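J.:
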Amino acid sequence: MGVSLTGLEGKVAVITGAGRMRSIGRGIARALAAAGCDVVVTGSGRAPEDYPAEEKSAGWRDIASVAEEVRAHGRRALAVVSDISDMASVEALSVRVLAEMGRVDFIINNAGAARAGDRAPVVDVSPETWRKIIDVNLNGTFYMSQVFGRSLIQQGRGGAIINISSIGGKLMAPTTAAYAASKAGIHALTCAMSGEVGSHGIRVNAICPGIVMTSRLDDLSQEQWAGIIDSHIPLKRAGKPEDIGNMVAYLCSDQGSWISGQLYSVDGGQLAGR
Numbered sequence: 000m001g002v003s004l005t006g007l008e009g010k011v012a013v014i015t016g017a018g019r020m021r022s023i024g025r026g027i028a029r030a031l032a033a034a035g036c037d038v039v040v041t042g043s044g045r046a047p048e049d050y051p052a053e054e055k056s057a058g059w060r061d062i063a064s065v066a067e068e069v070r071a072h073g074r075r076a077l078a079v080v081s082d083i084s085d086m087a088s089v090e091a092l093s094v095r096v097l098a099e100m101g102r103v104d105f106i107i108n109n110a111g112a113a114r115a116g117d118r119a120p121v122v123d124v125s126p127e128t129w130r131k132i133i134d135v136n137l138n139g140t141f142y143m144s145q146v147f148g149r150s151l152i153q154q155g156r157g158g159a160i161i162n163i164s165s166i167g168g169k170l171m172a173p174t175t176a177a178y179a180a181s182k183a184g185i186h187a188l189t190c191a192m193s194g195e196v197g198s199h200g201i202r203v204n205a206i207c208p209g210i211v212m213t214s215r216l217d218d219l220s221q222e223q224w225a226g227i228i229d230s231h232i233p234l235k236r237a238g239k240p241e242d243i244g245n246m247v248a249y250l251c252s253d254q255g256s257w258i259s260g261q262l263y264s265v266d267g268g269q270l271a272g273r
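Numbered according to numbering that gives the first Met the number 0, the sequence shown spans residues 0 to 273.
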């Protein structure tokens, strides 16, 4: 007999950064909708002309397409363009979510800055690049956690905040200082906040994905990734967005109700013991 997740039916989850066709955010939205959640998805408002060729050929429409997938599960969906690096935008998102969805239960801080000029030695990273990575990855997670954390406390029904971090925040590898610092900061935020809101029945955890095949990793060829995976991942495969989505659903469910303040590596065994 299989074990079904409980405690998700009719709950409202907010997932940031969920607009790309090959993305962790989309995988999370699909997993939570399948488990019974109503879902709010946010995106940065990409212009259609900026979509990659595969999205254009598929007729993809960013967060609108993800919202349609949520509705296909019989759940309510709301798609909102929001800049999580701007506090006023996050506050406006909160007002809209509560007005249109009536409640909020789970906050999934998934949005992250794109891989760009930050992959360089510290002495070569520009201050502008550093600020962009920190503003989106760390400050955005803080803004969302603060604004929606207040809502969870005021509602008095508990809830969960799940921060999508990265094993990069544990590896702290050369040429990743900005990215690693932003993710390590998320780890500290997660653990500190879990001790602050636990008495309200609110759980705060972080998931640290390893190599998950999304459009963010298109800067290397499939052959290059295959070599990296074979060398570093004991399970000999890359992660899929649904691998992260399933972990999120578990941590939001009744079955994950005694878990808080944890930093879970979901990486095919790459960081065994860390």
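Idealized CB from N, CA, C, for every residue including glycine. As the structure is a computational prediction, the values presented were derived from the model and not from experiment.
(1) Could you tell me the alpha carbon to alpha carbon distance between Ala159 and Gln261, rounded to whole angstroms?
(2) Mind checking which residues open and close the beta strand (DSSP E) that includes Ser256?
(3) Who are the near neighbours of Tyr142 in its chain, counting only those whose CB is closer than 7 Å to its CB and skipping five residues on each side?
(4) Are the beta-carbon atoms of Gly167 and Ala176 separated by less than 8 Å?
(5) Rank Gly267, Glu222, Ala12 by C-alpha distance to the C-alpha of Ala238 and give the top, closest one.
(6) Under 6 Å Cβ to Cβ from Ser81, same chain only, skipping five residues before and after it: list those, please.
(7) Where does Asn245 fall in DSSP's three states?
(8) Rounded to a whole number of angstroms, what is the C-alpha to C-alpha distance between Gln145 and Glu222?
(9) Mind the definition here: the region 96-111 touches the region 121-129 only if three or more C-beta pairs lie below 8 Å; say whether that holds.
(10) From what residue to what residue does the beta strand (DSSP E) around Tyr178 run?
(11) How about Val38 and Leu31: are their beta carbons less than 8 Å apart?
(12) My output table needs one value for Arg29: the three-state DSSP class, helix, strand or coil.
(13) From what residue to what residue does the alpha helix (DSSP H) around Ile160 run?
(14) For the pair the region 1-16 and the region 99-114, tell me if three or more CB-CB distances fall below 8 Å.
T.: Well, looking at it:
(1) If you number the sequence shown from 1, residue 159 lands on position 160. If you number the sequence shown from 1, residue 261 lands on position 262. Taking the straight line joining both Cα atoms gives about 12 Å.
(2) The residue given as residue 256 occupies position 257 in the sequence shown. Boundaries for Ser256: no beta strand (DSSP E) harbours it, and the DSSP string shows neither H nor E there.
(3) The residue labelled residue 142 in the question sits at position 143 within the sequence shown. Excluding residues within five positions, the ones whose Cβ falls inside 7 Å are Ile83, Met86, Val89.
(4) As a first step, residue 167 is located in the sequence shown; it is residue number 168 there, counting from the start. As a first step, residue 176 is located in the sequence shown; it is residue number 177 there, counting from the start. Contact flag unset, no.
(5) Working through the sequence shown from its first residue, we reach residue 238 at position 239. The sequence as given places Gly at residue 238; Ala does not occur at that position. Minimum Cα distance to Gly238 is reached at Gly267.
(6) Taking the first residue of the sequence shown as 1, we reach residue 81 at position 82. Within the same chain, Thr41, Ser88, Leu92 come within 6 Å of Ser81 by CB-CB distance, once the 5 residues on both sides are set aside.
(7) Numbered from its first residue, the sequence shown carries residue 245 at position 246. In the structure shown, Asn245 falls within a helical segment according to DSSP collapsed to helix, strand and coil.
(8) In the sequence shown, the residue the question calls residue 145 occupies position 146. In the sequence shown, the residue the question calls residue 222 occupies position 223. Distance between the alpha carbons of Gln145 and Glu222: 42 Å.
(9) Judged by Cβ distances under 8 Å, the region 96-111 makes no contact with the region 121-129, as fewer than three pairs qualify.
(10) Working through the sequence shown from its first residue, we reach residue 178 at position 179. Here Tyr178 belongs to no beta strand (DSSP E); instead the alpha helix (DSSP H) covers 176-196.
(11) Along the sequence shown, read from residue 1 onward, the residue named residue 38 stands at position 39. Along the sequence shown, read from residue 1 onward, the residue named residue 31 stands at position 32. Yes, they are a contact pair.
(12) Counting from one through the sequence shown, the residue named residue 29 turns up at place 30. In this structure, Arg29 counts as helix in the three-state DSSP scheme.
(13) Within the sequence shown, residue 160 is the residue found at index 161, counting from 1. For Ile160, there is no enclosing alpha helix (DSSP H); the residue is found in the beta strand (DSSP E) stretching over 158-163.
(14) Yes, they touch.
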